[in-house]
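Protein chains in written order, with the numbering used here: chain A, 221 to 563; chain B, 221 to 563.
Beta carbons: idealized from backbone N, C-alpha and C, even for Gly.
Keep in mind the model is a prediction, meaning the values are calculated, not measured.
In what follows, a structure is listed as structure tokens, so that the remarks can point back to it.
Protein chains: 2
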Amino acid sequence: MADKVTIADVARHAGVSRQTVSNVLNAPELVREHTQRRVLEAVQALGYRASQAARQMRTGRSQLIAARIEPAQDDGINGFVFDRFLHGLTESAALAGYRVLLYTAADHEAELATFDDLLGVYVPDAFVLTSLDYGDPRPAWLLEQRIPFVTFGRPWGVPPAQRYPWVDVDGAAGTAAATRYLLDAGHRRIGFLGWPAGSGVGDDRREGWARTLTAAGAEPAELAELDYRTDDGAPHGEAAARALLDRDRPVTALVCVSDSLALGALQAGRGIAVIGFDDTPVARAVGLTSVSQPLSEVATRCVSLLTRALDGNGAGARARETQAYDTGTEVLLRPSLVRRRSA
Amino acid sequence: MADKVTIADVARHAGVSRQTVSNVLNAPELVREHTQRRVLEAVQALGYRASQAARQMRTGRSQLIAARIEPAQDDGINGFVFDRFLHGLTESAALAGYRVLLYTAADHEAELATFDDLLGVYVPDAFVLTSLDYGDPRPAWLLEQRIPFVTFGRPWGVPPAQRYPWVDVDGAAGTAAATRYLLDAGHRRIGFLGWPAGSGVGDDRREGWARTLTAAGAEPAELAELDYRTDDGAPHGEAAARALLDRDRPVTALVCVSDSLALGALQAGRGIAVIGFDDTPVARAVGLTSVSQPLSEVATRCVSLLTRALDGNGAGARARETQAYDTGTEVLLRPSLVRRRSA
DNA sequence: TAGTCCGTTTTGAACGATCAAATGCTGAAG
DNA sequence: CTTCAGCATTTGATCGTTCAAAACGGACTA
């Protein structure tokens, strides 16, 4: 009921001026300790909260981070990863004094329009991008407008001139660990169930497997024989697993680029060892060993890259006019292997 | 670059006053058509966008809808439903001129604190609640503060005095349809794999199954025999299915309260018919027939209930001081059955 | 002709915060 | 004893919008 406590109310209650209250909250070093205490007590007593709208008006900063929520894929498993990431992002952002604003867009072009719209009206301080693909126009657009942003996902095939902060998970390290784990368990014919070439993420994960087998003495010819490529989805995984099992020298274990493919492989039966990727609920449900991404840490790092850019370079609105944040802010995190029944 | 076009710029460009521009945009009926055209052209030409912060300052409305993003459950399947809902919400809200602001909270108590915090700072115009449970304190709190809100989920066991707008999916109708479908396919021993009694959602879904079997002539004793209750999760589902199959008169089909339980039942093998609930990615992946909630419609209806309350009753800030919106705004939607291989 | 009324447009104030500059005060230097 | 630097605090202006009330001009009435 006693809503709308303004900074003037606090000032009156504490017997000081508005500006002093503002200073206590935003630049305490300017205010004598004794005064600070008195002001803070008044703030407490009245339950004062700075109005974000008023602040934004003067400073140009909204304390909002915009993130896109993707149309839960048919695949849906991707959705899980994003969902957890988003949750972590909300949490970390809150700790840093930011809130997450959602938006959607059907495609890249629509997304650029949405950027423009959001910037005109709500003026988020920064954007978080996910699901980067080859030739993605979004980073370039944001760079050009000098809007701070981070991406969850490395830039794949982008000219090095366009550098920007990103956080990603080292997929190759994940599949390498999975492969090593299978080798240590005695497997010698370890196949890889991956997506068709051309996806940054997919190729990266394949590379970790290939690298590890090669180090263990596998010939390129053998690798090619063990490398199976198909679209995502359990049915495809099942068919692929069958194909690999029906060969002259069948595989005894499979490293998969996704949990859906792994699930399919499991359903093909024959009791081979299978390792998936992403540690989705499906993996948990069916006891599938899977590579797990540290999503909540990814989120934390995203936020800390952003705050460094936003709070470091002297207030957002201004940062945009001077220069983008320093480059070289790239974070690559290691995933971990979650052991379950399947391997 | 040419950012920060203010209403004054537009006014100057069109040769009218600020207020006239404001009127053209917010109350066109007050302005002569000829003037309108001129102003709109200026708006176009300059790319003017009203600053949300400035507007909020004057009107008290933020055009923000706050929604909680839940910590992706261990179960994780619930997360999918919420995820799709959230996506729909973002989309519908955008169409109505609102944006979705995320927040998290560990438990109900923390959530009330977050409400208070958000209301003090960002001042969302409304809240959307999900995952209501028995004795949930959140609706009462919001009602008391006269903050508009909707819930996705019926109020379970709440005194009728506390009425508020909600949208929900008729779970009983879903399981009833599933059961009827199995009956039509010739099944006579149709079990129900549900959660322990005491969950509003779970009991509701069980009721649809029981109702349909009863109508088909089943005795209460038989029902009790076919009704199995266990915690959520595929392993539990598998165990439960085994138990039901090992009885004297084994079931030939199972209606399940969730896809995770259904997945477990499928893994128990023996080729019985299985129907799940929620049509999650897992269901799609393994070819599980499942009851699908119209999540994007749920979202749309939520938004329309909210806008009715917000835009109807004359501006938010004011609505809060006068009275809550009319009650009797309750929407119950029918789910649909998605047929796949499992039944 | 003066007075009213109405539709249209303009003017002034206000929302609540922060910035920039001014003020008062204390103590050390000249 | 004055001057001035430096800290602590206050004052006035401002961000961009909308509300409330005033002003304007033409038509209509008395």
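Could you tell me the boundaries of the alpha helix (DSSP H) in which residue 386 of chain A lies?
Counting from 1 along the first sequence, the entry for residue 386 of chain A is found at position 166. Careful: residue 386 of chain A lies outside any alpha helix (DSSP H), inside the beta strand (DSSP E) at 386-389.
Go ahead and label residue 358 of chain B buried or exposed: buried means 16 or more other beta carbons lie within 10 angstroms of its beta carbon, across all protein chains shown.
Along the second sequence, one-based indexing puts residue 358 of chain B at 138. Burial call: buried.
The segment 258-278 of chain A touching the segment 324-333 of chain A, judged by at least three CB pairs closer than 8 Å
Short answer: they don't touch.
Ends of the alpha helix (DSSP H) at residue 279 of chain A?
Along the first sequence, one-based indexing puts residue 279 of chain A at 59. Residue 279 of chain A -> alpha helix (DSSP H) spans 272-279.
Let me check understanding here. Comparing Cα to Cα, which of B:247, B:246, B:350 and B:271 lies closest to residue 291 of chain B?
One-based indexing of the second sequence puts residue 291 of chain B at position 71. Nearest of B:247, B:246, B:350 and B:271 to residue 291 of chain B, Cα basis: B:350.
For residue 302 of chain B and chain A, any beta-carbon pair shorter than 9 Å?
To locate residue 302 of chain B, count along the second sequence from 1; it is residue 82. Taking Cβ atoms only, chain A reaches closer than 9 Å to residue 302 of chain B, which makes this a yes.
Do residue 562 of chain B and residue 482 of chain B have their C-beta atoms within less than 9 Å of each other?
Position 342 of the second sequence, counted from the first residue, corresponds to residue 562 of chain B. Position 262 of the second sequence, counted from the first residue, corresponds to residue 482 of chain B. Yes, the pair counts as a contact, with Cβ atoms nearer than the cut-off.
Using only CA atoms, which one of A:226, A:258 and A:246 lies nearest to residue 236 of chain A?
Sequence index remark: in the first sequence, residue 236 of chain A carries index 16 (1-based). Of A:226, A:258 and A:246, the residue nearest in Cα terms is A:258.
Sub-9 Å separation of residue 477 of chain B and residue 386 of chain B beta-carbons
Taking the second sequence and counting its residues from 1, one reaches residue 477 of chain B at position 257. Taking the second sequence and counting its residues from 1, one reaches residue 386 of chain B at position 166. No, they are not a contact pair.
Return the CA-CA distance between residue 559 of chain A and residue 369 of chain A, expressed in angstroms with no decimal places.
Working through the first sequence from its first residue, we reach residue 559 of chain A at position 339. Working through the first sequence from its first residue, we reach residue 369 of chain A at position 149. Near 35 Å, if we compare the C-alpha coordinates of residue 369 of chain A and residue 559 of chain A.
For residue 550 of chain A, does the three-state DSSP call read helix, strand or coil?
The sequence position of residue 550 of chain A within the first sequence is 330, counting from 1. Note: residue 550 of chain A maps to strand in three-state DSSP.
Anticipated Cβ contact below 8 Å, residue 319 of chain A with residue 342 of chain B, distance rounded:
Taking the first residue of the first sequence as 1, we reach residue 319 of chain A at position 99. Taking the first residue of the second sequence as 1, we reach residue 342 of chain B at position 122. Indeed, because the Cβ distance is near 6 Å, the residues count as touching under 8 Å.
Which residues of chain A have a Cβ atom closer than 8 Å to the Cβ of residue 311 of chain B, listed in chain order?
Indexing the second sequence from 1 puts residue 311 of chain B at position 91. Here the neighbours are 324.
What in chain A is Cβ-close to residue 496 of chain B, meaning under 9 Å?
The count along the second sequence starts at 1 and reaches residue 496 of chain B at position 276. Within 9 Å Cβ-Cβ: nothing; residue 496 of chain B doesn't reach chain A, min ~12 Å.
Please confirm whether residue 284 of chain B has its beta-carbon closer than 9 Å to some beta-carbon of chain A.
Numbered from 1 along the second sequence, position 64 holds the residue referred to as residue 284 of chain B. It does: the Cβ of residue 284 of chain B has a partner Cβ on chain A nearer than 9 Å.
Entirely enclosed beta strand (DSSP E) segments - the segment 331-373 of chain A, minimum 3 residues:
346-350 and 369-372
Along the segment 496-521 of chain B, where does the CB come closer than 8 Å to a CB of chain A? Name the residues.
500, 501, 502, 504, 505, 506 and 507
Bridge partners of residue 287 of chain B, per DSSP?
Your numbering for residue 287 of chain B matches position 67 in the second sequence. B:322 and B:348.
Flag this pair as yes or no: are the beta carbons of residue 315 of chain B and residue 287 of chain B separated by less than 9 Å?
Position 95 of the second sequence, counted from the first residue, corresponds to residue 315 of chain B. Position 67 of the second sequence, counted from the first residue, corresponds to residue 287 of chain B. Going by C-beta atoms, residue 315 of chain B is not nearer than 9 Å to residue 287 of chain B.
Could you check which residue in B:549, B:382 and B:512 has the C-alpha nearest to that of residue 524 of chain B?
Stepping through the second sequence from its first residue, residue 524 of chain B is reached at position 304. Cα-wise, what sits closest to residue 524 of chain B is B:549.
Taking CB distances under 9 Å as the criterion, tell me whether residue 563 of chain A reaches chain B.
Within the first sequence, residue 563 of chain A is the residue found at index 343, counting from 1. No, no contact with chain B.
Assign residue 269 of chain B to buried or exposed, taking buried as 16 or more other Cβ atoms, counted over all protein chains shown, within 10 Å of its Cβ.
Translated into positions along the second sequence, residue 269 of chain B becomes position 49. That one is buried.
Under a three-way DSSP split, which group does residue 459 of chain A fall into?
Position 239 of the first sequence, counted from the start, is the residue given in the question as residue 459 of chain A. Here residue 459 of chain A sits in helix by DSSP.
Which of the residues in the segment 250-269 of chain A, read from start to end, lie with their CB under 7 Å from any CB of chain B?
269
Contact with chain A by residue 558 of chain B, beta-carbon distance below 9 Å:
Counting from one through the second sequence, the residue named residue 558 of chain B turns up at place 338. Residue contact check for residue 558 of chain B against chain A: no CB pair falls below 9 Å.
Give the straight-line distance between the Cα atoms of residue 473 of chain A and residue 504 of chain A, rounded to the nearest whole angstrom.
The residue given as residue 473 of chain A occupies position 253 in the first sequence. The residue given as residue 504 of chain A occupies position 284 in the first sequence. If you take the alpha carbons of residue 473 of chain A and residue 504 of chain A, they lie about 19 Å apart.
Using 9 Å as the limit for Cβ to Cβ distance, is residue 307 of chain B near chain A?
Here residue 307 of chain B is taken as the residue at index 87 of the second sequence, counted from 1. Chain A has a Cβ within less than 9 Å of the Cβ of residue 307 of chain B.
Take residue 308 of chain B as the anchor and find which of B:526, B:511, B:554 and B:515 has the nearest alpha-carbon.
The count along the second sequence starts at 1 and reaches residue 308 of chain B at position 88. With distances taken between Cα atoms, residue 308 of chain B lies closest to B:515.
Hey, does residue 337 of chain A have any beta-carbon neighbour from chain B nearer than 9 Å?
Residue numbering aside, residue 337 of chain A sits at position 117 when the first sequence is read from its first letter. Yes - at least one Cβ of chain B is within 9 Å of the one on residue 337 of chain A.
Could one say the Cβ of residue 237 of chain B lies closer than 9 Å to chain A's Cβ atoms, at least one of them?
The residue given as residue 237 of chain B occupies position 17 in the second sequence. Output row for residue 237 of chain B: interface = no.
Starting from residue 528 of chain A, follow its DSSP beta bridges and name the residues at the other end.
By one-based count along the first sequence, residue 528 of chain A stands at place 308. Beta-bridge pairing links residue 528 of chain A to no other residue.
Residues near residue 448 of chain A by beta carbon distance below 8 Å, same chain, minus five either side:
Locating residue 448 of chain A in the first sequence gives position 228, counting from the first residue. Result list for residue 448 of chain A: 411, 412, 413, 414, 460, 463 and 464, in chain order.
Quick check on DSSP: helix, strand or coil for residue 494 of chain A?
As a first step, residue 494 of chain A must be located in the first sequence, where it is residue number 274. Of the three classes helix, strand and coil, the one that applies to residue 494 of chain A here is strand, per DSSP.
Would you check if the distance between the CB atom of residue 398 of chain A and the CB atom of residue 495 of chain A is smaller than 9 Å?
For this step, residue 398 of chain A is matched to residue 178 along the first sequence. For this step, residue 495 of chain A is matched to residue 275 along the first sequence. Against a cut-off of 9 Å, the Cβ pair of residue 495 of chain A and residue 398 of chain A comes out as a contact.
Would you mind giving the Cβ-Cβ distance between residue 382 of chain A and residue 360 of chain A, rounded to the nearest angstrom? I have them listed as a contact below 8 Å.
Here residue 382 of chain A is taken as the residue at index 162 of the first sequence, counted from 1. Here residue 360 of chain A is taken as the residue at index 140 of the first sequence, counted from 1. Sure, about 6 Å apart at Cβ, within 8 Å.
Could you check where the alpha helix (DSSP H) with residue 229 of chain A kicks off and where it finishes?
Position 9 of the first sequence, counted from the first residue, corresponds to residue 229 of chain A. Residues 227-234.
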